[in-house]
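2 protein chains.
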Amino acid sequence: MLVLNNDEISAIIDMPTCIAAMETAYRGMSEGRGVNRRRSDTLVETGPAESGGIYSLKSMDGVSPDLGVGAMRINSDIITYPEISGQRRRVKVPAAPGERYTGLVLLFSSETGEPLAIFPDGVVQRMRVAAANGLATRYLARAETPRVGIIGSGWQAGSQLMAMTSVRKVERIRCFSPNEANRKAFAAQISPLIGVDVEPVSSMEAAIEDADVALCATSSIEPFFQADWLRPGLHISSIKRSEIHPDALRKVDRIVIHSRDGAPILAMASGVEPPAADRPDGGALLDVAEFKSAPLLADLIAGKVPARQSEKEATCFINNIGMGFQFAIIGKVVYDRAVQAGAGRDLPTEWFTQNEHP
Amino acid sequence: MLVLNNDEISAIIDMPTCIAAMETAYRGMSEGRGVNRRRSDTLVETGPAESGGIYSLKSMDGVSPDLGVGAMRINSDIITYPEISGQRRRVKVPAAPGERYTGLVLLFSSETGEPLAIFPDGVVQRMRVAAANGLATRYLARAETPRVGIIGSGWQAGSQLMAMTSVRKVERIRCFSPNEANRKAFAAQISPLIGVDVEPVSSMEAAIEDADVALCATSSIEPFFQADWLRPGLHISSIKRSEIHPDALRKVDRIVIHSRDGAPILAMASGVEPPAADRPDGGALLDVAEFKSAPLLADLIAGKVPARQSEKEATCFINNIGMGFQFAIIGKVVYDRAVQAGAGRDLPTEWFTQNEHP
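Going down the list, the sequences are from chains S and X.
Taking this note's numbering as reference, the numbering of the first sequence is continuous, increasing by one, and the terminal residue is 359.
Taking this note's numbering as reference, the numbering of the second sequence is continuous, increasing by one, and the terminal residue is 359.
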């Protein structure tokens, strides 16, 4: 059984391969070969009582019989709610030894049951989010070389641009994020990686105006994409269900979502307040009828739902919640490449299996 | 991070310690300190199409802030449905290398999030099932030295007798299972371990008649415990929701169950038939009103529900579904003892944590 770290994983996977693997596996899922288990969060209070800290044991899983693997993704997080610049923020604390986070993917064979690999989720997490948005862009954005505007300059923004440039040749990219230093540093860092100059701009409108594709890649829990930013032919790509204003969603011609699961299943000790975005009733979009009945990305890829129908359609993909199924797909890419490259530490499989009938 | 195997775990834990740890933690859970996440099974077809084989990725988790740990228990099983002696049986296939099964417990710190240990679930699985039934027996069985009848001679039966003899001094034990050789071998093997002679008998009635405690520890998916076997003062202990006939349940004076979760949450690829016992509507007991409204073991232990009230009450505990929470409790016992004993293989924690914000 292989143990891999994020550096090793970064060195052996690439965005186009992840997108191709996701495209094939999502088609299989739409055709009934492949299944996803809804995310669950188990929450208790932790730390000093007045700190408001939460321990969250989060998991999701999925199996792709086409690929012969299943994956369980587990996050074991310490979460605090400090007040930063007058706003209550949700902050994951790297409380493990060495100021580290704990997020793991366990990959299993669906043919023998055996564990194939364990690795941290940091790199694959970004790949699978961005690959899903990239796939949606492939099917929904206009075919010509698009102009791209991106809101956000965090780690999700970087992988979103990698996915964008994997599915389309891009004419130009403009980037806004509130902090000028951040957006400049992001533009300088990402431009050489994707082979397109990213131009930092000083407002959301400046990033979006004239764009053919608007990438929303923020950690905002309040909608910021406004209805009057919509134009014919625009494709909006969002990484969560809180970025797009409900009025904008109602005006869009075509919405595609990632999963019908909505919010995670919460198991909570008494006194615990779940994060607003994770509440079953949380997220402005849930009241929008167009969102509730929107088709799924997997069905779009499988051809059960039409792709873009005209140059004038305004389209929107919302990556509303992740799927454990994605970790099975990207996990299989990682595993195959690692075996080929001889990467990682190979531990005896019998350490993680047993003679005892469980 | 510790990697332990079943032999190492067997050597460092014992039933009385597990029962004591469960008693304390269940009380905490009843008082709002501790939470359990409902079991989920992700199912796809596997193997040749005509084989009817299923791959099952099953998980459950729970957190005890009192103990400072959370645990995720994962089973990665190949399941087949062969016809054995004219009956369709559910059989887990040891398909991992070396003809082994894959069942794992991951133990995390709820104070730092870090992974503390990974170990197979085989030994702790038996301990936690039996410890729950043992605790129920402590609160519900008559106080005097009981006569015990047990139905079943499998691995659950052995740990049930260990738990029984941990909570009560036992006068005598009679055992029935359908295969004469099996029940004789079981009696010979278990008697020295528990310090009580187990007498194999040739019928269920012979095992149960005159008993003060009837232990049902079978893999039967059909009810076999009959209503006319009930007597005043009897305590029935069952390890699943299908062993006791609904008519018997309706006649019992007091029922306590393990969890209100009922059946697991199923995520299934198209064409997969879940095992009958795991279906939301499966199991005869679900139609019995007394079962649906029965109090919980944790509340019995916490004193929110009265224990046995008279010598004449006929009581029944049904361990209707397992809890991930149990693996946190027993996992903590295992971890503390292993650290103390220097048992297992200590892998670098940084292999299983990361700098990357997940």
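C-beta atoms are modelled at their ideal positions from N, C-alpha and C, and glycine is treated no differently.
Could you compute how far the alpha carbon of residue i sits from the alpha carbon of residue j?
i	j	result
E210/X	V149/X	10 Å
D78/S	G159/S	23 Å
A72/X	T18/S	34 Å
N6/X	D213/X	37 Å
P193/X	A182/X	18 Å
D42/X	I331/S	21 Å
D347/X	Y336/X	12 Å
A96/S	V45/S	16 Å
L298/S	A118/S	28 Å
I55/X	G48/X	8 Å
N1/S	T113/S	Any question about residue 1/S goes unanswered here, given that chain S covers just 2 to 359.
V253/S	W230/S	11 Å
L130/X	N320/X	The question names Leu, but residue 130/X is Val in the sequence shown. If you take the alpha carbons of V130/X and N320/X, they lie about 8 Å apart.
Q190/X	L107/S	37 Å
T74/S	L235/S	According to the sequence displayed, residue 74/S carries Arg and not Thr. Cα to Cα, the separation comes out at about 34 Å.
L68/X	A144/X	30 Å
K293/S	L141/S	19 Å
P275/S	E115/S	35 Å
I20/S	G135/S	7 Å
T138/S	C317/S	9 Å
R101/X	M16/S	36 Å
S260/X	A339/S	42 Å
Quick one: is residue i buried, meaning 16 or more other Cβ sit within 10 Å of its Cβ, or exposed?
i	result
P349/X	exposed
A329/S	buried
H358/X	exposed
E244/X	buried
I399/S	The structure shown does not extend to residue 399/S, since chain S is modelled only from 2 to 359, so the question has no answer here.
G272/S	exposed
K170/S	exposed
V202/X	buried
T103/S	buried
K313/X	exposed
D62/S	buried
G305/X	According to the sequence displayed, residue 305/X carries Lys and not Gly. Under this definition K305/X is an exposed residue.
S311/S	exposed
What are the partner residues of residue i, as DSSP defines its beta bridges?
i	result
Y56/X	V45/X and I79/X
C317/X	I237/X and I256/X
N134/X	Looking at the DSSP assignment, N134/X forms no beta bridge with any residue, so it has no partner.
Q355/X	Y102/S
V70/X	S65/X and S110/X
A97/S	R101/S
P121/X	L105/X
V199/X	I174/X
A215/X	G150/X and I237/X
A268/S	T43/S
Q88/X	I85/X
Does the beta carbon of residue i come closer than 7 Å to any beta carbon on chain X?
i	result
Q126/S	yes
E312/S	no
T316/S	no
P1/S	With chain S covering only 2 through 359, there is no way to say anything about residue 1/S.
F109/S	yes
P296/S	no
D300/S	no
N73/S	What sits at residue 73/S in the sequence shown is Met, not Asn. By this cut-off, M73/S is an interface position.
W230/S	no
Please check if any C-beta of chain S sits within less than 7 Å of the C-beta of residue i.
i	result
R261/X	no
Y328/X	Here the sequence assigns Phe to residue 328/X, which means Tyr is not the residue at that position. F328/X does not count as touching chain S.
Q157/X	no
D8/X	no
A268/X	yes
Q355/X	yes
P66/X	yes
G343/X	no
L58/X	yes
V334/X	no
S271/X	yes
V4/X	yes
P121/X	yes
D198/X	no
T219/X	no
Does the ligand SAM have a heavy atom nearer than 6 Å to the CB of residue i?
i	result
A137/S	The ligand SAM is not part of the structure shown, which contains no ligands of any sort.
Determine which residues of the segment 34-50 of chain X have a Cβ less than 9 Å from any Cβ of chain S, and write them out in chain order.
-> R34, G35, V36, N37, R38, R39, S41, D42, T43, L44, V45, E46, T47 and G48
Residues within the segment 76-105 of chain S neighbouring chain X, beta-carbon criterion of under 7 Å = Within the segment 76-105 of chain S, the residues whose Cβ lies closer than 7 Å to some Cβ of chain X are N76, S77, D78, I79, K93, A96, A97, P98, G99, R101, Y102, T103, G104 and L105, listed in chain order.
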